[in-house]
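Numbering (this note's numbering), first residue to last: 100 to 240.
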């Protein structure tokens with residue numbers, strides 16, 4: 100699970116590969132963008148991810164690139180309240196990847212948290228930022 104069902108083993112850009120797998124999986128899951136099921140998926144995925152990504156940490160690598168479950172949870176958080184339409188899913192993917200790479204304040208600070216919590220927390224917050232940005236844009240359109 101920590102490797103995002105193997106997507107974290109991609110030889111190039113494992114976080115981007117995992118984000119893509121996560122958005123495709125979400126698109127086809129029979130849950131809506133405002134359902135309790137999505138909130139449960141994010142919450143339980145976050146809690147399980149603390150353990151799953153934490154188990155991949157070694158003394159020489161505190162944030163292994165193969166630990167990508169955080170991308171799944173962050174990607175799903177970005178999709179909160181967005182219509183399950185291809186254009187919005189593409190926007191969610193791009194927005195989340197930019198936020199995950201740039202890590203605006205205070206997202207980067209969350210990486211300092213210990214173990215799997217540090218791996219998971221920054222991406223969850225990036226996902227919430229993305230959801231806020233895209234839903235704000237949606238209101239303007």
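No residue lacks a Cβ here, since even glycine has one placed at the ideal position from N, Cα and C.
Every value quoted in this text rests on a predicted model; they were computed, and no experiment measured them.
Two segments are said to touch when three or more pairs of C-beta atoms, one from each, lie closer than 8 angstroms; by this definition the region 124-135 does not touch the region 203-213. The beta carbons of residue 149 and residue 219 sit closer together than 7 angstroms. Separation of residue 194 and residue 158 (C-alpha to C-alpha, rounded to the nearest whole angstrom) is 32 angstroms.
Under the three-state reduction of DSSP, residue 106 is assigned to helix. The residues 130, in chain order, have a CB closer than 7 angstroms to that of residue 136 in the same chain once the five nearest residues on each side in sequence are set aside. Take the alpha-carbon of residue 160 and the one of residue 226: they are about 24 angstroms apart.
For residue 133, the secondary structure class from DSSP, reduced to helix, strand or coil, is coil.
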